[in-house]
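Number of protein chains: 2
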Amino acid sequence: MNIALAQLNYIIGDIEGNTTKILAEVDAAKAANVDLVVFSELAICGYPPKDLLDYPSFIERCELALDTIRIASNEIGVLVGSPSLSGLAKGKKLYNSAFFFSDQKLLAKVNKTLLPTYDIFDEYRYFETNNVFECVDFKGERIAVTICEDLWNLDNEKLYHVTPMDELIKQNPTVMINLSGSPYSYNHVEKRRTRMQLNAKTYSLPLFYVNQVGGNTDLLFDGGSMFINRLGDIVEECEFYNEDFKVIQWDSSTLYEDNHQEYYDYDIGLIHDALVMGVRDYFSKVGFKNAVLGSSGGIDSAVVHAIAAEALGAENVKAITMPSKYSSSGSVDDAQKLAQNLGSPFSIIPIKKAFDAFEETLADEFIGTEPNVTEENLQARSRGIILMAYSNKFGNMVLNTSNKSESAVGYSTLYGDMCGGLSVIGDLYKEQVYELARFINRYGEVIPYEIVNKEPSAELRPDQKDIDSLPPYPVLDKILFHYIEGKKGWQEIVDLNLEGADEILIRKIIRMVDRNEYKRFQAPPTLRISHKAFGFGRSMPIVARYNH
Amino acid sequence: MNIALAQLNYIIGDIEGNTTKILAEVDAAKAANVDLVVFSELAICGYPPKDLLDYPSFIERCELALDTIRIASNEIGVLVGSPSLSGLAKGKKLYNSAFFFSDQKLLAKVNKTLLPTYDIFDEYRYFETNNVFECVDFKGERIAVTICEDLWNLDNEKLYHVTPMDELIKQNPTVMINLSGSPYSYNHVEKRRTRMQLNAKTYSLPLFYVNQVGGNTDLLFDGGSMFINRLGDIVEECEFYNEDFKVIQWDSSTLYEDNHQEYYDYDIGLIHDALVMGVRDYFSKVGFKNAVLGSSGGIDSAVVHAIAAEALGAENVKAITMPSKYSSSGSVDDAQKLAQNLGSPFSIIPIKKAFDAFEETLADEFIGTEPNVTEENLQARSRGIILMAYSNKFGNMVLNTSNKSESAVGYSTLYGDMCGGLSVIGDLYKEQVYELARFINRYGEVIPYEIVNKEPSAELRPDQKDIDSLPPYPVLDKILFHYIEGKKGWQEIVDLNLEGADEILIRKIIRMVDRNEYKRFQAPPTLRISHKAFGFGRSMPIVARYNH
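Rendered as structure tokens:
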């Protein structure tokens, strides 16, 4: 049996466009003499469709699309993900389903059993849990069809009481197929591969695993669809970050040899590629071609600039440096050199006039007060306004350049440097930003070495350095990681005896994270590369008291 | 048996503070000869605690707090909500539980069965589903204890397959007690009351229902705890929007008469009180005393100003009017008169200097371009900067003054009039804002009649009126309501034959709503008064194509 893994990049809600893509692959599969072509989870509407699922008209459109796919299934089997009406008197109205079409008929509809509802997942918000387990007989094979999370409840990590394959295996299937919508994070590639291999070994069955690819706002789907043999060896693996279509000539009596390219956990190259795809897809899917960013001469904006240049073409990324009286001349030069290295348009727009105008405008109101953070924020916000004005005038989307460390502790100005349509490196700690800069410079200088080597400064006061108000980044990042990703309380972090981090510092940093929840609430969507990014996946109360 | 309904206002995460409050009520209950004092759902940590639940140290602190309550339960029964460890090898780590303490012992722990996961609820994100049903015997009564949603699965609206009371009734309980965390929306008061009455009637049992009260960021808990007799009559009802403590001398042989005060569905007075509480609690719970807002002389800022004055004291609400060359002199006068009527400090800060400075600063960059929305946004953003500078300098929190109609269609400027720590009327359509203004003026002019009667204008261009780019608000609001609250697609709305709304207009308005998802993503938290507010309860993809 020839099975095709169709790993596509869908646009959420673009049911008609996605269907056109799917139909083209069905045709390609027919031409390649494929018996069964497999698409990913909720392929019809793109994953995750979120509250679009609440619209009955949305589900109707999915049903119409499914019918065109059914009609196209003459002489081929098609397995495709879509929401479907549950038709139940009790329970949720929808299932997360896999439709198996063959010879223009619906051979089977398989519903998802395990509905991930944690971190960035909220499937039980929409879907009813399946409790019927039936394999699908097709061309002499008995196929155990499951959907994404259905294959994750095994070993010592059982988040659910039912393991679908434990039920399906009773019917003696000859092969497993899983339709997935599994987003990238830097420790997820290897984990996903290992879990899928474990499934193959546990049930002694080959597994065809189809993931989607592409950036959907903050979520970066990396692809990596697989064919795993019954011993758990990965025989074929689709590309990462690109669409792919692999036909596997498979018969159940052959074992097949490991043929896939190896990727490793925490690979800065994969993070880099994920971010490039994230920027590319965010822009292309909303119909933007050009970006603009504030280029300060610092490491954060430099890395964002380089990523954006790769994603959109350097000529489509406008860099504006907006010096104040506190900016060093080096900063302007470094930003300019970066733009030259990349080949991006570049402007210098000083903020002095705007800043002075605000000072004059507010002089009466502020009589008798001392300069404080207000004036620092005025600089950042004047820059934000200039970028947004440029965006309004020329249609470039503003890229946000904040990193995770400063976003965590609130070392950023709301409506100032926090502005933008997309945060590119907002899920990378400062140390990771440096690592990414070195990766970008792996073949030679792209980001000027002056930028990589200078001491971090916001340049909002004379001679200001980040280290004046924050601990050194290697220390800060470790505390933040244990608090955010590690979900440790302050006492647990104290107990780790991290170098340079005593109880007073640790509690201070945690308080800063907590108190800046209100700022992050208004931050742009952030490309997610870790297993705990700010945004929907970390849903904290704003009005609250924490563990002080 | 004397049962006390303890309806308190908790701070999320303030486990120690909440526990102190609970212990004080336990003492008051003892003094009042109460046999059983009942607190609301997750009272220990406040509802909803969101991802704080992911921290093991947070759960440990809840356990410590519970132990102090257990010790205080000498000579009294205490029923209190808290998260608890499930201890399961499979499934989620936590239950949403009710702890029943008596004589310093844990008499019973009841876990929540039905975990609401829709709209603003996400309980399956954290909690395991209960499947054990046992009544609690206490002082000769057999009590069926349930938690909030557990009592909502009856009649024709069964979202779940199990109805906990259908199980518990088999053990012949003599009374029902429900611990709840049920937020206000303008059509929920009557619905909640009716559902609880239906429970009493269905099971022919009296019901003690305890809700929390208070604003928690966007969610407004209205209280309204109840004692309902076995015929379904509401015998006692606690206050709305205030803490309350009611002792009910109850024996199961007496029926009791209806004694409660009636509230009606969609009562603008309840909406008003909800917003006042929302502002008051947002400020008090984060430790702010003073607000600042941009007072344009329009209806939206006027209503926000009046609400804030009532919540915080007029003297604590600074109003700043920021005229441009397009502002009518009437606008400034009206804003000033409003501040005088209320008794708030007031300043006039023209934006001309700031606006001119930006025009000069951007002149080179913008050579050869025509004025467009850029210049309108520059005005709005200059105002935003001034408000934020005032906030930074004096510690007043900026109140956002956008309404739901303009937020829906994106008739607002990101980082301009969209700025602020809290959106007060962001869940009220424009027509509701007028209704609220009339309510505020019910005893005479508070909001100047000039403001109530003038035609809406953003005053960002000469002689600009909202109606130039939007349909009349009565038409717009109806379309929006059917799309947002009603979840209807464009064809369904066309089929309603709304006056003044043809297909072209309806599709245009819907497209505007969809395309501005990115703006709303960065909006401040919005006090929720409807059953479908922007924010967490309406979770839409940003990068998507909708039903064009």
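Keeping their order, the protein sequence lines are chains A and B. Note that the working numbering numbers the first sequence so that position 119 is 1355, with each residue one more than the last. Note that the working numbering numbers the second sequence so that position 455 is 1691, with each residue one more than the last. Using N, Cα and C, we set each Cβ at its ideal position, and we do this for glycine too. On a predicted model such as this, the values are computed, not experimentally measured, just so you know.
- Residue 1640 of chain B and residue 1538 of chain A have their C-alpha atoms spaced approximately 38 angstroms apart.
- A direct Cα-Cα distance of roughly 46 angstroms separates residue 1284 of chain B from residue 1699 of chain B.
- Looking at A/1291, A/1364, A/1401 and A/1623, the one whose alpha-carbon comes closest to that of residue 1396 of chain B is A/1364.
- The beta carbons of residue 1356 of chain B and residue 1455 of chain B sit about 6 angstroms from each other, so the pair counts as a contact at 8 angstroms.
- In chain order, 1247, 1248, 1451, 1452, 1453, 1517, 1518, 1521 and 1522 make up the part of chain A whose C-beta sits under 8 angstroms from the C-beta of residue 1779 of chain B.
- Contact annotation: the region 1637 to 1652 of chain A does not touch the region 1670 to 1682 of chain B, with fewer than three C-beta pairs closer than 8 angstroms.
- Cα atoms of residue 1726 of chain A and residue 1742 of chain A: separation of roughly 6 angstroms, rounded to the nearest angstrom.
- If you look at residue 1382 of chain B, you'll find it in the beta strand (DSSP E) that goes 1377 to 1383.
- Only residues of its own chain outside the window of five on either side were considered, and among them 1442, 1471, 1491 and 1492 have a CB closer than 6 angstroms to the CB of residue 1465 of chain B, listed in chain order.
- DSSP places residue 1449 of chain B inside the beta strand (DSSP E), whose first and last residues are 1449 to 1452.
- At least 8 angstroms separates the CB of residue 1400 of chain B from every CB of chain A.
- DSSP places residue 1628 of chain A in the helix class (H, G or I) of the three-state scheme.
- Counting only runs of at least 3 residues, the region 1362 to 1448 of chain B fully encloses the following beta strand (DSSP E) elements, listed from N- to C-terminal order: 1372 to 1374, 1377 to 1383, 1411 to 1415 and 1443 to 1446.
- When the Cα atoms are used, residue 1482 of chain B and residue 1264 of chain B turn out to be separated by approximately 11 angstroms.
- Listed by position along chain A, the residues whose Cβ is nearer than 8 angstroms to that of residue 1613 of chain B are 1624, 1625 and 1628.
- At least 8 angstroms separates the CB of residue 1339 of chain B from every CB of chain A.
- Look at the region 1580 to 1611 of chain A: the residues with a C-beta under 9 angstroms from a C-beta of chain B are 1583, 1585, 1586, 1587, 1588, 1589, 1590, 1591, 1592, 1593, 1594, 1596, 1597, 1598, 1600, 1601, 1602, 1605, 1608, 1609, 1610 and 1611.
- Where residue 1693 of chain B is concerned, there is no enclosing beta strand (DSSP E), because DSSP gives it neither an H nor an E.
- Counting only Cβ-Cβ distances below 8 angstroms, residue 1328 of chain B has contacts in chain A at 1395, in chain order.
- The C-beta of residue 1511 of chain A has 16 or more other C-beta atoms within 10 Å across all chains shown, which makes the residue buried.
- Pairing residue 1652 of chain B with residue 1624 of chain A, the inter-Cα distance amounts to about 11 angstroms.
- Between the alpha carbons of residue 1401 of chain A and residue 1247 of chain B lies a distance of about 44 angstroms.
- Among the residues facing chain B, residue 1774 of chain A is included, as its CB has a counterpart in that chain under 8 angstroms away.
- DSSP places residue 1284 of chain A outside any alpha helix (DSSP H), giving it a letter other than H or E.
- The three-state reading of DSSP puts residue 1607 of chain A in coil, since its state is none of H, G, I, E or B.
- Excluding sequence positions up to five before and after residue 1480 of chain A, its CB lies within less than 8 angstroms of the CB of 1241, 1243, 1449, 1459, 1461 and 1474, all in the same chain and listed in chain order.
- Within the model, the alpha-carbon separation for residue 1503 of chain B versus residue 1425 of chain B is close to 10 angstroms.
- Along the region 1345 to 1365 of chain B, the positions whose C-beta sits under 7 angstroms from a C-beta of chain A are 1353, 1354, 1358, 1360 and 1361, read in chain order.
- DSSP, reduced to helix, strand and coil, places residue 1668 of chain B within a helical segment of the structure shown.
- Ranked by how close their Cα comes to the Cα of residue 1754 of chain A, the residues A/1278, A/1710, A/1731 and A/1781 have A/1781 in first place.
- Across the structure, residue 1762 of chain B and residue 1661 of chain B are spaced so that their CA atoms are roughly 7 angstroms apart.
- Residue 1643 of chain A: member of the alpha helix (DSSP H) spanning 1640 to 1645, first to last residue.
- Residue contact check for residue 1468 of chain A against chain B: no CB pair falls below 8 angstroms.
- The way I'd put it, the region 1264 to 1274 of chain A doesn't touch the region 1516 to 1528 of chain A; fewer than three beta-carbon pairs between them come closer than 8 angstroms.
- Contacts with chain A at 8 angstroms (Cβ-Cβ) include residue 1728 of chain B.
- Residue ranges of uninterrupted beta strand (DSSP E) with 3 or more members, entirely inside the region 1561 to 1607 of chain B and ordered along the chain, are 1582 to 1584.
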